[in-house]
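Asker: Sending over a structure as structure tokens; questions will come in a sec.
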Amino acid sequence: MRKSYGLSALNTRDRLSPEALWVKLSSCFRPPASLLSSPTLPGGSYYMISRSLGPEFGGAVGICFYLGTTYAGAMYILGAIELLLIYIVPKAAIFPLEGLEGPEAEAALLNNMRVYGTILLTSMATVVFVGVKYVNKLALVFLACVILSILAVYAGVIKTAIDPPEFPVCLLGNRTLMWKGFDVCAKTLETANGTVTTQLWQMFCDSPYLNATCDKYFVANNITQIQGIPGVTSGILSENLMPTYYEKGDLIARVNMESAEDVDDPLTSSNRYVLADITSFFTLLVGIYFPSVTGIMAGSNRSGDLRDAQKSIPIGTIAAITTTSTVYMSSVILFGACIEGVVLRDKFGEGVHGNLVIGTLAWPSPWVIVIGSFFSTCGAGLQSLTGAPRLLQAIAKDGIVPALRIFGHGKANGEPTWSLLLTACICESGILIASLDSVAPILSMFFLMCYMFVNLACALQTLLRTPNWRPRFKFYHWALSFLGMSLCLTLMFLCSWYYAIVAMVIAGSIYKYIEFAGAEKEWGDGIRGLSLSAARYALMRLEEGPPHTKNWRPQLLVLVSTDSEQNIEQPRLLSLTNQLKAGKGLTIVGTALEGTYLENHDRAQRAEQALRKLMETEKVKGFSQVTVSSNLRDATSHLLQASGLGGLKHNAVLVSWPRNWKQGDEHQHWRNFIELVRETTAAHLALLVPKNISAFPSNGERFTEGHIDVWWIHWTKCKMRIFTVAQMDDNSIQMKKDLTTFLYHLRIDAMVEVVEMVNSDISAYTYEKTLVMEQRSQMLKQINLTKNEREREVRLRPLLLFSFVIVGALIAANRSTSAFCCVVRNQSNVRRMHTALRLNEVIMKKSAEAKLVLLNMPGPPRNRTGDENYMEFLEVLTEGLNRVLLVRGGGREVITIYS
Numbered sequence: 001m002r003k004s005y006g007l008s009a010l011n012t013r014d015r016l017s018p019e020a021l022w023v024k025l026s027s028c029f030r031p032p033a034s035l036l037s038s039p040t041l042p043g044g045s046y047y048m049i050s051r052s053l054g055p056e057f058g059g060a061v062g063i064c065f066y067l068g069t070t071y072a073g074a075m076y077i078l079g080a081i082e083l084l085l086i087y088i089v090p091k092a093a094i095f096p097l098e099g100l101e102g103p104e105a106e107a108a109l110l111n112n113m114r115v116y117g118t119i120l121l122t123s124m125a126t127v128v129f130v131g132v133k134y135v136n137k138l139a140l141v142f143l144a145c146v147i148l149s150i151l152a153v154y155a156g157v158i159k160t161a162i163d164p165p166e167f168p169v170c171l172l173g174n175r176t177l178m179w180k181g182f183d184v185c186a187k188t189l190e191t192a193n194g195t196v197t198t199q200l201w202q203m204f205c206d207s208p209y210l211n212a213t214c215d216k217y218f219v220a221n222n223i224t225q226i227q228g229i230p231g232v233t234s235g236i237l238s239e240n241l242m243p244t245y246y247e248k249g250d251l252i253a254r255v256n257m258e259s260a261e262d263v264d265d266p267l268t269s270s271n272r273y274v275l276a277d278i279t280s281f282f283t284l285l286v287g288i289y290f291p292s293v294t295g296i297m298a299g300s301n302r303s304g305d306l307r308d309a310q311k312s313i314p315i316g317t318i319a320a321i322t323t324t325s326t327v328y329m330s331s332v333i334l335f336g337a338c339i340e341g342v343v344l345r346d347k348f349g350e351g352v353h354g355n356l357v358i359g360t361l362a363w364p365s366p367w368v369i370v371i372g373s374f375f376s377t378c379g380a381g382l383q384s385l386t387g388a389p390r391l392l393q394a395i396a397k398d399g400i401v402p403a404l405r406i407f408g409h410g411k412a413n414g415e416p417t418w419s420l421l422l423t424a425c426i427c428e429s430g431i432l433i434a435s436l437d438s439v440a441p442i443l444s445m446f447f448l449m450c451y452m453f454v455n456l457a458c459a460l461q462t463l464l465r466t467p468n469w470r471p472r473f474k475f476y477h478w479a480l481s482f483l484g485m486s487l488c489l490t491l492m493f494l495c496s497w498y499y500a501i502v503a504m505v506i507a508g509s510i511y512k513y514i515e516f517a518g519a520e521k522e523w524g525d526g527i528r529g530l531s532l533s534a535a536r537y538a539l540m541r542l543e544e545g546p547p548h549t550k551n552w553r554p555q556l557l558v559l560v561s562t563d564s565e566q567n568i569e570q571p572r573l574l575s576l577t578n579q580l581k582a583g584k585g586l587t588i589v590g591t592a593l594e595g596t597y598l599e600n601h602d603r604a605q606r607a608e609q610a611l612r613k614l615m616e617t618e619k620v621k622g623f624s625q626v627t628v629s630s631n632l633r634d635a636t637s638h639l640l641q642a643s644g645l646g647g648l649k650h651n652a653v654l655v656s657w658p659r660n661w662k663q664g665d666e667h668q669h670w671r672n673f674i675e676l677v678r679e680t681t682a683a684h685l686a687l688l689v690p691k692n693i694s695a696f697p698s699n700g701e702r703f704t705e706g707h708i709d710v711w712w713i714h715w716t717k718c719k720m721r722i723f724t725v726a727q728m729d730d731n732s733i734q735m736k737k738d739l740t741t742f743l744y745h746l747r748i749d750a751m752v753e754v755v756e757m758v759n760s761d762i763s764a765y766t767y768e769k770t771l772v773m774e775q776r777s778q779m780l781k782q783i784n785l786t787k788n789e790r791e792r793e794v795r796l797r798p799l800l801l802f803s804f805v806i807v808g809a810l811i812a813a814n815r816s817t818s819a820f821c822c823v824v825r826n827q828s829n830v831r832r833m834h835t836a837l838r839l840n841e842v843i844m845k846k847s848a849e850a851k852l853v854l855l856n857m858p859g860p861p862r863n864r865t866g867d868e869n870y871m872e873f874l875e876v877l878t879e880g881l882n883r884v885l886l887v888r889g890g891g892r893e894v895i896t897i898y899s
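Its first residue numbered 1, the sequence shown is counted upward by one per residue in UniProt numbering.
Next up, the structure:
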């Protein structure tokens with residue numbers, strides 16, 4: 001029925017449905033190649049897609065294919081019930097149809113289909129529950145009935161060449177009349193008593209007399225009776241070559257037949273002619289017809305039940321495609337050569353007394369077609385109820401959709417009991433809908449989407465040339481796969497672009513759900529292989545030269561330290577890293593361990609796991625790296641040199657300011673820090689040093705007001721201010737104007753402020769404080785205070801420093817007191833300290849309330865004997881500031897004004 005109507009509006013060349021056949025033929029070579037490249041497991045198409053394209057694609061397409069197969073089962077069951085109630089046992093209707101017309105008759109038919117559909121579904125589900133072997137036995141019976149029906153059609157076509165069946169169709173002009181309420185296809189009859197009118201006359205005239213007023217179109221045109229099945233030798237094929245589409249409510253008219261001008265008057269009634277019930281066009285009819293040719297995955301869906309799937313699936317699939325395609329193409333041609341076009345376009349058989357067209361064509365009896373169609377739809381429904389639960393069970397067993405895990409369980413022999421129950425419930429919902437013509441297009445989308453991704457999986461595996469891709473089935477090519485994939489996608493949008501979008505939205509939603517909540521699976525799928533190939537290609541391209549200025553972005557190497565339990569000591573450093581993510585650059589989080597790799601391999605693994613866990617907690621996307629060396633200094637240097645790959649390397653280092661660096665037993669830490677500063681300078685890397693990192697906000701904290709020097713995500717409510725220092729003889733107004741213009745071209749919104757400073761002599765207070773800091777650095781080395789004494793010394797106020805130092809000198813009487821009094825007043829250090837103090841004074845005056853202060857970080861001295869003075873200089877420079885980010889450029893950081 002679906003075939004005879006769906007193909008009726010198309011020309012015979014279009015009826016061959018080249019798109020559908022190419023989709024089937026191109027797709028039939030993919031399952032053998034995909035399944036024969038690995039040990040066969042249950043799941044069929046889902047297994048192929050998920051192992052080739054990843055769990056997200058496999059789950060999304062698999063669930064859509066499962067829903068399509070399940071609702072297709074409901075469609076087959078409803079078709080079987082329609083045949084049963086209309087053609088086989090009409091008296092079995094619980095809701096009588098006799099005497100009802102229009103919506104009432106349709107409602108009664110749908111109610112009958114709901115009741116009997118539920119009964120048939122329960123019977124089929126019971127058979128499937130008992131065991132698949134009984135399904136296979138019934139399948140042989142159903143197949144025999146289908147073969148007999150097909151042979152009966154071919155026999156009937158041959159018979160029409162000799163003796164066409166009597167199958168009259170009544171036409172008024174070129175319009176097809178609804179054969180209802182009259183028995184003779186004529187206006188009048190000649191009898192012994194003269195000319196008398198017929199029942200047909202009374203349908204178009206106001207009285208049964210010859211002088212009655214009749215419909216103008218009825219008067220202007222003749223009544224013609226033609227044979228609906230003129231036979232294969234009639235030449236009707238040439239008339240059926242051209243397409244004919246109708247709008248809803250159009251009259252079904254014979255092509256190439258003369259008719260008087262349409263002069264209808266109010267006497268015309270719509271129940272006299274056969275009308276088109278829907279607007280028909282090519283893509284709509286293909287969408288309705290396509291589900292009837294979607295059984296090519298039946299074998300692969302039951303791959304887990306086959307004795308030798310690697311042998312059975314290729315032979316069975318290709319043989320089934322070849323056989324069915326031959327039957328479909330030949331039947332389309334033969335129908336066009338034997339049957340009138342108006343009969344094919346009469347969806348409900350209203351112009352032929354409601355008789356079955358193909359049943360009348362078949363030989364020896366229409367009952368062969370009726371019984372064969374009934375068992376064919378029952379068999380197709382049974383196969384859907386057998387394959388769909390196994391597909392759902394395979395998805396559930398993989399655990400990629402947490403909500404479906406319960407359906408992975410079943411009987412001891414592996415039968416999917418819970419999956420069958422859910423499938424039956426979903427199928428029942430389709431039966432309760434009863435009319436699935438509106439659902440059929442989206443089912444076609446689900447099937448086409450499955451075929452498209454099966455083709456994509458085969459093409460991707462072939463092009464990637466993965467070592468494990470070695471299918472025994474050799475008759476495939478990636479170009480044929482791409483052709484099939486393109487045809488599937490094209491056919492989806494040709495049939496119904498909005499249904500295609502709906503299907504893709506459903507699949508996309510399932511994809512994102514699996515990606516977000518599903519279990520992580522690593523199956524070595526083709527998408528990850530494609531990512532690997534793409535990454536290799538991109539890295540090779542990056543090797544061709546340095547990145548352009550417009551492509552510059554921070555690529556961070558974040559250096560953290562771990563305690564004895566391999567816990568990260570500076571977790572806020574990763575919070576800051578996450579807040580710097582707007583550049584979308586590379587992030588490598590590394591830590592250094594002391595020792596040998598052989599002895600500390602487990603320790604390194606625990607440290608890397610701790611890094612990954614903290615990165616996940618802080619939502620830092622990047623890579624982790626742990627280096628083990630004989631000492632921490634070398635291990636950190638190895639991280640600095642070896643991190644990254646090819647052209648994808650870090651250009652900036654983020655490391656925390658060494659805490660408690662003034663304590664004597666921590667001297668190695670700050671010395672390592674200064675060596676790191678020197679190495680980043682030598683490597684032309686930028687350096688970011690947050691001071692007081694514990695005071696920086698976490699990812700959950702946000703400031704709602706205040707000022708900062710740069711724009712970051714967690715500082716969105718703060719305004720940016722740029723400070724520049726000018727001497728008294730500089731043109732401060734011009735400097736501010738130039739800097740404002742420069743920031744405007746860089747598209748940076750910030751306030752500019754010029755701070756004027758004079759080169760004056762050091763004041764007495766400043767001079768004394770500078771000397772105190774130099775003396776403190778020297779004295780702490782010579783006094784050798786205990787740890788508690790040093791901690792107490794750090795807490796003393798600066799004004800008490802001199803008295804503390806003198807007391808310490810007296811206690812250490814064995815030391816030469818001349819060393820305290822003869823500290824060399826290095827004039828260069830004095831000037832640096834004075835500069836630090838003056839800058840700190842200005843910064844505290846302008847930015848004491850700032851949420852974050854960024855300062856340019858000067859380079860360390862060339863002579864390592866001044867390293868401690870360098871640390872003191874930075875301490876003085878940042879004294880009193882809550883949050884400080886010291887920045888030292890590598891010389892390659894450029895921001896362009898061009899987009």
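Idealized CB from N, CA, C, for every residue including glycine.
1. Between methionine 178 and alanine 503, what straight-line distance do the alpha-carbon atoms span, to the nearest angstrom?
2. Measuring CA to CA, which of Pro416, Thr188, Val560 and Arg572 is closest to isoleucine 588?
3. Whose C-beta lies closer than 7 angstroms to the C-beta of isoleucine 811 among residues of the same chain, with five residues either side of it excluded?
4. So tyrosine 245 packs on phenylalanine 281, CB below 8 angstroms; how close in whole Å?
5. Quick one: measure Cβ to Cβ for residue 932 and valine 655, integer angstroms, because I've assumed they're closer than 8 angstroms.
6. Have a look at the DSSP bridge pairing and note the partners of proline 690.
7. My output table needs one value for glutamate 753: the three-state DSSP class, helix, strand or coil.
8. Which first and last residues belong to the beta strand (DSSP E) in which asparagine 856 is found?
9. Look at the alpha carbon of glycine 880 and the alpha carbon of alanine 848, and state the distance between them as a whole number of angstroms.
10. By DSSP's criteria, phenylalanine 447 is part of a beta bridge. Which residues make up the other side?
11. Consult DSSP for glutamate 594 and reduce its assignment to one of helix, strand or coil.
12. Going by beta-carbon coordinates alone, are glycine 59 and isoleucine 514 separated by less than 8 angstroms?
13. Between which two residues does the alpha helix (DSSP H) harbouring cysteine 185 extend?
14. Counting pairs of beta carbons, one from the region 570 to 586 and one from the region 597 to 605, are three or more of them closer than 8 angstroms?
15. According to DSSP, is threonine 210 part of a helix, a strand, or is it coil?
16. Along the chain, where does the alpha helix (DSSP H) containing threonine 377 start, and where does it finish?
17. Are there 16 or more other CB atoms within 10 angstroms of the CB of cysteine 425, so buried, or fewer, so exposed?
18. Within the same chain, show all residues whose beta-carbon is closer than 8 angstroms to that of asparagine 699, passing over the 5 residues directly before and after it, in chain order.
19. In whole angstroms, what separates the C-alpha of threonine 213 from that of glutamine 202?
20. Check whether the region 163 to 177 touches the region 241 to 255, counting contact only when three or more Cβ pairs, one atom from each stretch, lie closer than 8 angstroms.
21. Measure the C-alpha to C-alpha separation of glutamate 608 and alanine 642 and round it to an integer number of angstroms.
22. Count the other CB atoms within 10 Å of the CB of alanine 819; is the residue buried (16 or more) or exposed (fewer)?
23. For glycine 859, which of Val876, Val887 and Thr835 has the nearest alpha-carbon?
24. To the nearest angstrom, report how far apart proline 90 and proline 364 are at their CA atoms.
25. Is there contact between the region 92 to 99 and the region 361 to 377, where contact requires at least three CB pairs shorter than 8 angstroms?
26. Secondary structure at glycine 54, three-state DSSP: helix, strand or coil?
27. Could you tell me whether the Cβ atoms of leucine 874 and leucine 852 are closer together than 8 angstroms?
28. Below 8 angstroms, can you find three or more Cβ-Cβ pairs linking the region 181 to 188 to the region 351 to 369?
29. Kindly give me the distance between the Cβ atoms of lysine 691 and tryptophan 657, rounded to whole angstroms, as I take these residues to be in contact under 8 angstroms.
30. Which partner residues of arginine 175 appear in the DSSP bridge assignment?
31. Please return the same chain residues whose Cβ sits closer than 7 angstroms to the Cβ of leucine 530, not counting the five positions on each side in sequence.
32. Within the chosen definition, does the region 318 to 331 reach the region 108 to 128 through at least 3 CB pairs nearer than 8 angstroms?
33. Leaving out the 5 sequence neighbours to the left and right, which residues in its chain are closer than 7 angstroms to cysteine 822 when beta-carbon positions are compared?
34. For the alpha helix (DSSP H) holding methionine 297, just list the boundary residues, first then last.
35. Which residue marks the beginning of the alpha helix (DSSP H) containing phenylalanine 218, and which one marks its end?
36. So what does glycine 194 bridge to, in DSSP terms?
Answerer: Checking against the coordinates, here is how it stands:
1. 39 angstroms
2. Val560
3. Low per-residue confidence applies at isoleucine 811: pLDDT is 28, beneath 50, and the placement is therefore not dependable, though the value from the model is reported in the following sentence. Nothing meets the Cβ criterion.
4. 5 angstroms
5. Here the chain comprises residues numbered 1 to 899, so residue 932 is not present and cannot be evaluated.
6. Leu885
7. Three-state result, glutamate 753: strand.
8. 853 to 856
9. Distance between the alpha carbons of glycine 880 and alanine 848: 8 angstroms.
10. Beta-bridge partners of phenylalanine 447 (DSSP): none assigned.
11. strand
12. yes
13. Premise fails: cysteine 185 is in no alpha helix (DSSP H) and is neither H nor E.
14. no
15. With the sequence shown as reference, residue 210 is identified as leucine, and threonine is not the correct amino acid for it. Looking at leucine 210 - three-state DSSP - the assignment turns out to be coil, as it is neither helix nor strand.
16. Membership of threonine 377 in the alpha helix (DSSP H) is indicated by the continuous run 366 to 398.
17. exposed
18. Ser575, Asn578, Gln579, Glu618, Lys619 and His714
19. 10 angstroms
20. yes
21. Between the alpha carbons of glutamate 608 and alanine 642 lies a distance of about 17 angstroms.
22. Caution applies to alanine 819, whose pLDDT of 40 falls short of 50 and renders its modelled position unreliable; the value that the coordinates give is listed next. Exposed, since its Cβ has fewer than 16 Cβ neighbours within 10 Å.
23. Val887
24. Straight through space, the alpha carbons of proline 364 and proline 90 are spaced by roughly 22 angstroms.
25. no
26. coil
27. no
28. no
29. The C-beta separation of lysine 691 from tryptophan 657 comes to about 4 angstroms, placing the pair in contact by the 8 angstroms criterion.
30. Leu172 and Ala253
31. Leu460 and Leu464
32. no
33. The pLDDT assigned to cysteine 822 is 38, lower than 50, so where the model puts this residue is not dependable; a value taken from the coordinates is nonetheless given after this. Within the same chain, cysteine 822 has no close Cβ partners at all.
34. First-last for methionine 297: undefined, no H or E at that position.
35. 216 to 220
36. Thr191
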